[in-house]
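Peer 1: First the structure, which I've put down as C-alpha cells, then a few questions once you've had a look.
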Amino acid sequence: MKIYEFKLPDIGEGVTEGEIVKWLVTPGEVVREDQPMVEVMTDKATVTITAPKAGTIVETRGAVGGLVPVHSVLVVFDLGGSDAAPAAQGARPKESAATAVGDIKEHLPGMDLAHTTPPPAVKPQLTAAAPVYFNPKPLATPATRRLARELGFDLRVVSPTGPNGRVTRDDVRGFAAVTSPPPVTLGTGAVAAPVVNNGNAEPLSLRVPLAETRIEAPLPLPPAVDRVASASAAAPPQPVRIASVAPGAGALEERIPLRGMRKRIFEGMARSKHTAAHFTFVEECDVTALKALRARLKPAAEKAGVKLTFLPFFVKACVAALKRHPTLNSAFDESTQEIVQRRYYNIGIASATESGLIVPVIRDADRKSLLDIAREIARLSEDTKSGKVKPEDLGNGTFTITSLGQQGGLFATPILNFPEVAILGIHQMKEKPVVRDGQIVIGDVMLLSLSFDHRIIDGHIGAAFAYEIIGYLQDPDRLFLEMG
Amino acid sequence: MPQMNMVQAINDALRFEMKRDSRVVILGEDVGKVGGVFRVTAGLYDEFGEDRVIDTPLSEGGIIGTAIGMALYGLVPVPEIQFADFIFPAYDQIVSELAKYRYRSGGEYSAKLVIRTPMGGGIRGGLYHSQSPEAQFIHVAGLKVVCPSNPADAKGLLLASIRDPDPVIFFEPKRIYRASRGEVPEGDHTVPLGKARVVRPGQSLTIVAWGAMLYESLAAAQQAAEQGIDCEVIDLRTLWPLDIETIVASVKKTGRLVVVHEAPKSCGLGGEIVSLVNEKAFLHLEAPPVRVTGFDTPFPYTLENEYLPLAHRILPALVETARY
Amino acid sequence: MTTTPTERSGAHRSLADTDAPDVIKVQREDGTLDPARDPGLSSAEVRALYRAGLLTRRLDERLITLQRQGRIGFHIGSLGEEATILGAAFALRPQDWILPCYREFGAALLRGMPLQRYVDNMFGNAGDPAKGRQMPDHCFWKPAHYASVSSPIGTQITHATGVAWAAKIKKDDVVALAYFGEGATSSADFHNGINFAGVFKVPAVFICRNNGWAISVPAERQTASETFAEKGIAYGVPSVRVDGNDLFAVIHTTRAAVASAARGEGPTLIEALTYRLEGHSTSDDPRAYRPDAELEPWKRLDPLPRLRRHLEVCHGLTDAEDQALLAEVDAEIRAAVEAAGETALPSLDSLFDDVFAELPWHLADQRDALRKGPRARGH
C-alpha cells in the first residue's frame, strides 16, 4: 500500500476553494493516469480534475455541493506496489537528475516576467497648471525636512539659500518667523460662530475639492507656464551671486541685508507669483454717478465725524460682487487640495508705508455700513501712517483692494495677496470723453486692473466679476437695493 | 597599576587565564618555543608545557580544524593565526564548521574557541602582512569579532572573549602592538563584548573607528577642533555585535558621521554602520555619512601611507562633513 | 585515462583486490569465521547487529520512497555499506566519539540515537534535534558522542584529530573515530587531519569507506596511488585494508585500531573496501555514469545477505525469524514516519536561536521584522 494524498491544486487567480459538482470515480476503483476523477466549480470556471497517477481510489473527500478549500486533500490513492527500492527506481522523477543535492525545479513562478514587453508608457494626465515652486523637488537634509514637517511648512515654498540650492534650517526658521500661521492649510475663517441665515446655521466657508471644480477636459497649460515649470524641475536654482567690484575701487555699491518687512514682502510676493497663475483684466469704469453720490453724502458723513473717501464705496461694491461670484472670495488649501470659498468678507486695503507695503484688513465688510467702513479705513490709515498697525488688523483677508491712484498710470498688473485669488487695482479718476445717449461728453473715468489666479478663476469668470464691480460703481443705487 | 604595551597585555591575559582555567590551550605556528613571531606568547611554553602551548605544523586549516575538535571535546582552544592574511586556508573550517556548529546542533554542541590574529597595515608588510579582513567574518552568521585599540582593552577583551560562549575572532592591530602603551589592571580584568567606548566626547560630529585608526581619528579630531569642529570619537572595541546604541545616541546628538577603517571601502564594516545609522537616525542627519577607508586595491607596499586612512586624509572629511 | 568500466588503474575498485593478501577478511564463503580473527561476538550481539543492518537497509529504502513521493526533500544513504558503518561503530567503546561524514546514520542508531529523532531530522520538523535547520541526514546525537554532520567534505577528519588530541591532553581514555569516503582523501582536511594526527600521535581511528564512487567520479580518479591505505605511509600513520562488506573483518580491524590508540600508540588509517549500491543520494541517478552490470558482482557481496548466511550457518537463524525481524523493523519505521509526518514545523522564532548563545540585538530586530511581515506560502 503506497498512500498518496491528492490535494486540490491552487489554480491561481485568487481562487481559494471549489465546489464539488460531480464525482466521476468511486472508492475502490482502479484508475489510470489522467483519468477524469471529479468536476469542481470555482468562481472562475468548472474544471475536470484528472488522476495524477495510476492507482486505486481509497477515499474521495467531499460531498457533491460541498466546498473544498485549495490545498486540502481531495482524493486518497493507493499507488500500489511494495516499498522496495526497485519500485522507487522506476518512479524516479525526471526532474531530479541533474543535481547533486537539493531541488532545482524545472518551473518556477514568475520566470517569464523578464521576457514580457514593457507596458506602454502611461501618458501623464494634464492637470491644471502645476504650482510653480522654488523647486518642485526641494533639496534639504533629513534633519531640515523633519523641522519643516514639525513646523508645518511645505519645503517647496521656502526660499532656499543653502549650497546647491538647498533649503537650510535657517531658511525654514526664517520662513516660520515671518509667516503666521502656516499658510498652506486654511482654517475655517476668523469668525467662530456660523452666520445665522433664515434660522439655518451655514458654515462660513465652503470647501470644494479641487477635482469637482474642474470642467470636463482640463485646459492645456499655456506654454510659458509649462516652460517655467519644466525649467524649475530640470535643475535646482543656483543662488545668483552679484559680483562685488574689486576692493579699493571706492564704495560703488551698498549691500543691504534682506530683513524685516522687506524680507517678508520679498517672500510674500515671490510666493504669490510662484504659486498663482496670474492674469490681469483691465476695464474702464464710468464713475460720474459715483462721484456725484459721494459729493452728496460727504456733508452727512462729516457730521458723523467721518471723512468719506471713495474707498468705502469700492469696498462695498466689491463685497456685493463677491457675494454674487463666491469663487472670487476663495483661496486654495494646498494641504487638502481644496478650494475654500469663504462667506465672510475681509477686505484688505493695500497701504504704503515708509518701510514697505502692508495690507490692513476690514473685517466682515458685509456687515458694516458704509460709514463704519469709512471709519475703519480712517483708523487704519492713521495707524499705518504712524506705523502702529495692530496685529489683529493684519492677515486673514479674503480679497484685497490696491490703489495706484495718486500717481496715475494707465493700467497695472497687481500681484495677488497670497493666498487670495483676486485683487482689485484702482487707478486715478480722470476726466475723459465718454459717450452718453449718443453724445460725447466729458465724464469721470477710472480704470480698474484686476488680477486673478487662473488656476481657480477662469477668464470669463474674472471678467464677469470685474463687470459686476463696474456695474455697482457705475450705478451705485444698486447697492442700496441689495443693502443687507 | 603596571604599564604595558599591547603585546605584554595580551601575554598577561593569556597567562592569567591559563592559570585560572586548565581547559585553555594555545596552538599555532611558532607560538611555543619561540613565543610567537611577535613574542605575544613568550614564556607561556615554559610555564605551561608542550601540552598546552603547542607548536603546530604549517597548516591554518589544520590548526583551526583540530582546534574545533578540541573545543567539541571540552577544551578552550586559543589558536593563533600568524597573520590575518593567512587565515584563508582555515576559512572553510571557520565558516562551514565553527560559525555553524551551535546552530546546526540545536545548541547542544558548541565549538567555542578564540582565534587570535594580528591584522592591519602600516608595518611595511605589503599585500600579505597588512590586511584587515574583519568584514569577511562579520558577514558569516555565528562569529563574534573583536578589535582592541589599547593594552587595557586588549587584556580585558581577550579575557571576555575566552569566557564568551561563542566563537570569537580576535584581531590584534599589529601596527600599535608596541606603540600603544598604558596602564593595565592586574589580575582579573574584563571588558564586556558588544560595548563601544566614547574616547573623546564632542557635539558637532561623530567619528567611529577601531584599532590603529583610532589614534589617527583622534589626531584628526584634534586638528578639527582648531577649526572649531568638535568631534566625538567612538572606539568600537567589539566589531560584531555592534554597539549600535552608542553610535546612534552620538549621531542623534551631532547629526554627522564619519567612519574610519583600514579595510577596503566596498562592503566594509563602514557601509554596514552607515546603513544602520540611516535606519535608526535618518531624521537626525545634517550631512551624508562618510567613510574614510583603505581603497579597493590590494594593500600596497611603497605607497602604504597613501593607502591608509591616516589623519591627513580623515581631516578633510571631517571638515567637509561639518560644513555640509 | 578513461573511466570506462573495463579499464582501470590506480586505486582499485575491481573485486579481485578484495582477495588481495593484505585485505583482512574473516567471514569465509561458507558463512563461518576464520578463527584467527574471529572477534568473538555472542549470538545476541550478532543478531542485534543483523537487526541494526536490516533497520538501516529498510530505512534507506523507505526514505528513498518518501523522497520520491515528495514527503521528504532528500536522502543520502548507505545501501551496501552497512557492514563498514555498523562494524566500526560496534568496535567502539561507549566513551568513544564518532565524527561522521553523512552516510553513517546507522552508526548513530546503533549507539542509541532514537529512531524517531532521526526520522524527525529527515522531516525537518519541530522534533528534529537540529530544529529543521539542516538538510535531512545532517543529524547528531550527543549522548552517543556522535558529532554534528555538515556538508563540506572531509572537515570532520581534522575535528576527529582535535577530539582525540584533547582527550590525550586531558589524559582521558577516549578514542575518536572519523568516517569518510575515498573522495575525501583528496581534500585538504584529510591531509591536515591525518598529518596532525600523526605528528601528535593522537588516539584516532580513520575509516575510509572506499565505496568506489564520489558522486560520478570513480575511485581511481581520486589518486594515482594504488590504494588509499598507503597514503598513511606519507604521514607516518599505520594503515590497513579490510573487506568492508565483511562485518566481522571490520569489527576485528577497528577493535585493534581502537585498542592501539587507547594504548597511546597513535592513529590508524583503515581502508574498507565496499561499494555504493545506490546513487550518491536521491538527487543522483547513477545510471548516467555507471552501467548496471557493474553492480552485479557487488550485489553478490552485499553485506546483509552475507551476514544472514553466517547467522543461518552459525546461529540457527530461520526464515521465520528473519521475516519477523523484517516485519518488526518495518513496523518501527512506519510508526516513526507517521509520527514525524504529524509533528509540527519548527517555530518561526527558532530560526534566530542558537546563532549565538544569546540572542543579540540585531537578530532580535530581524526576528521582529519577520514576525510582523507576511508568511511565505507553501513550497
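Protein chains in written order, with the numbering used here: chain U, 14 to 497; chain L, 400 to 723; chain A, 1107 to 1485.
The beta-carbon is built from N, C-alpha and C at its ideal position, and this holds for glycine as well.
For a test of the three-state rule: what should DSSP assign to ARG1199(A), helix, strand or coil?
Peer 2: Coil, per DSSP.
Peer 1: Measuring alpha carbon to alpha carbon, tell me which residue in PHE487(L), ILE463(L) and ILE537(L) is nearest VAL513(L).
Peer 2: The candidate whose alpha carbon is nearest that of VAL513(L) is ILE463(L).
Peer 1: In chain L, which residues lie less than 8 Å from VAL1269(A) when you measure between Cβ atoms?
Peer 2: GLY468, MET469, LEU471 and TYR472, listed in chain order.
Peer 1: Per DSSP, ILE1313(A) is paired with what?
Peer 2: In the DSSP output, where bridge partners are listed per residue, ILE1313(A) has TYR1285(A) and ILE1376(A).
Peer 1: Give me the subset of the stretch 1166-1183 of chain A whose CB atoms are less than 8 Å from a CB atom of chain L, sorted by chain position.
Peer 2: Going along the stretch 1166-1183 of chain A in chain order, one finds no residue with a Cβ nearer than 8 Å to chain L.
Peer 1: So with Cβ pairs under 8 Å, would you call PHE681(L) a contact of chain U?
Peer 2: With 8 Å as the cut-off, PHE681(L) counts as an interface residue toward chain U.
Peer 1: Is it buried or exposed, ALA248(U), if we count other Cβ atoms within 10 angstroms and call 16 or more buried?
Peer 2: In this prediction, ALA248(U) has a pLDDT of 48, which is less than 50 and means its spatial position is unreliable; nothing more can be read from the coordinates.
Peer 1: So with Cβ pairs under 8 Å, would you call GLY654(L) a contact of chain U?
Peer 2: Cβ-Cβ to chain U under 8 Å: yes for GLY654(L).
Peer 1: Would you kindly work out how many angstroms separate the C-alpha atoms of ASN404(L) and HIS588(L), rounded to a whole number?
Peer 2: In a straight line, the C-alpha of ASN404(L) is about 16 Å away from that of HIS588(L).
Peer 1: Just the C-alpha distance for ASP167(U) and ALA161(U), rounded to the nearest angstrom, thanks.
Peer 2: Going by the C-alpha atoms only, they are around 7 Å apart.
Peer 1: Look up TYR1252(A) in the DSSP assignment and give the residues it is bridged to.
Peer 2: DSSP output for TYR1252(A) lists ILE1204(A) and TRP1247(A) as bridge partner(s).
Peer 1: Is VAL448(U) buried or exposed, if buried means 16 or more other CB atoms sit within 10 Å of its CB?
Peer 2: When all chains shown are included, VAL448(U) counts as exposed.
Peer 1: Would you say ARG1382(A) lies against chain L (beta-carbon separation less than 8 Å)?
Peer 2: No, no contact with chain L.
Peer 1: Using a Cβ-Cβ cut-off of 8 Å, state whether THR29(U) counts as contacting chain L.
Peer 2: False, the Cβ-Cβ gap to chain L never drops below 8 Å.
Peer 1: Determine whether the beta carbon atoms of LEU1059(A) and GLU1438(A) lie at a separation below 8 Å.
Peer 2: Coverage of chain A is limited to positions 1107 through 1485, which leaves residue 1059(A) absent and any answer about it impossible.
Peer 1: Check the Cβ of GLY535(L) against every Cβ in chain A and list those closer than 7 Å, keeping chain order.
Peer 2: Per the sequence presented here, residue 535(L) reads as Gln, with Gly not at that position. Ordered by position in chain A, no residue passes the 7 Å Cβ test against GLN535(L), which lies about 17 Å from the chain.
Peer 1: Below 8 Å on the Cβ atoms is my guess for ALA64(U) versus ARG45(U); work out the distance and round it to an integer in Å.
Peer 2: Contact flag correct, Cβ pair sits at about 7 Å.
Peer 1: Thinking just about the alpha-carbon of each residue, which of TRP1404(A), ALA1150(A), GLN1175(A) and ALA1142(A) is nearest to the one in THR1388(A)?
Peer 2: The option with the nearest alpha carbon to THR1388(A) is GLN1175(A).
Peer 1: In the DSSP assignment, the alpha helix (DSSP H) including CYS331(U) goes from what residue to what residue?
Peer 2: First-last of the alpha helix (DSSP H) with CYS331(U): 324-337.
Peer 1: Do you know offhand how far VAL647(L)'s Cα is from ALA189(U)'s?
Peer 2: Cα to Cα, VAL647(L) sits roughly 29 Å from ALA189(U).
Peer 1: At the level of alpha carbons, what is the spacing between SER629(L) and LEU164(U)?
Peer 2: In the sequence on display, residue 629(L) carries Asp and not Ser. For ASP629(L) and LEU164(U), the distance between alpha carbons rounds to 28 Å.
Peer 1: Rounded to whole angstroms, what is the Cα-Cα separation between ASP91(U) and TYR17(U)?
Peer 2: Whole-angstrom Cα-Cα distance: 6 Å.
Peer 1: Along chain L, which residues have their Cβ under 8 Å away from the Cβ of GLY1299(A)?
Peer 2: Within 8 Å Cβ-Cβ: GLY461, GLY464 and THR465.
Peer 1: Check distances from the C-beta atoms of the stretch 1290-1314 of chain A to those of chain L and list, in chain order, the residues that come in under 9 Å.
Peer 2: Going along the stretch 1290-1314 of chain A in chain order, one finds ALA1294, ASP1295, HIS1297, ASN1298, GLY1299, ASN1301, PHE1302, ALA1303, VAL1305, PHE1306 and VAL1308 with a Cβ nearer than 9 Å to chain L.
Peer 1: Rounded to whole angstroms, what's the CA-CA distance from ASP396(U) to ARG186(U)? Just pull it up for me.
Peer 2: If you take the alpha carbons of ASP396(U) and ARG186(U), they lie about 29 Å apart.
Peer 1: List the residues of chain A whose Cβ lies closer than 9 Å to the Cβ of ASP565(L), in chain order.
Peer 2: Residues of chain A passing the Cβ test: VAL1461, PHE1462, ALA1463 and GLU1464.
Peer 1: Starting from VAL447(U), trace the beta strand (DSSP E) both ways and give me its first and last residue.
Peer 2: Taken as a continuous stretch (DSSP letters only), the beta strand (DSSP E) holding VAL447(U) covers 435-449.
Peer 1: Is there a C-beta anywhere in chain L that falls below 8 Å from the one on PRO1258(A)?
Peer 2: Answer yes: the Cβ-Cβ gap between PRO1258(A) and chain L drops below 8 Å somewhere.
Peer 1: On the DSSP bridge list, what partners appear for ASN404(L)?
Peer 2: Its beta-bridge partners are ARG580(L).
Peer 1: Relative to the C-alpha of GLU551(U), which residue among SER416(U), CYS331(U), GLU42(U) and ALA344(U) is closest?
Peer 2: Since the displayed chain U opens at 14 and closes at 497, residue 551(U) lies outside it and no answer follows.
Peer 1: Is the stretch 1425-1434 of chain A touching the stretch 1368-1382 of chain A, taking contact as three or more C-beta pairs under 8 Å?
Peer 2: No, because fewer than three Cβ pairs between the stretch 1425-1434 of chain A and the stretch 1368-1382 of chain A fall closer than 8 Å, the two stretches do not touch.
Peer 1: What residues from the stretch 154-183 of chain U come within 7 Å of chain L, judged by C-beta to C-beta, listed N to C?
Peer 2: Residues THR154, PRO155, ALA156 and ARG159.
Peer 1: How about GLU736(L): is its C-beta nearer than 8 Å to some C-beta of chain U?
Peer 2: Absent from the model: residue 736(L). The displayed extent of chain L is 400 to 723, so no value can be given.
Peer 1: Straight-line CA distance for LEU1476(A) to CYS1314(A)?
Peer 2: Distance between the alpha carbons of LEU1476(A) and CYS1314(A) is about 44 Å.
Peer 1: Counting C-beta neighbours from all protein chains within 10 Å, is the total for TRP1467(A) 16 or more, i.e. buried, or is it exposed?
Peer 2: Exposed.
Peer 1: Under 8 Å between C-beta atoms, does ARG501(L) make it to chain A?
Peer 2: ARG501(L) counts as touching chain A.
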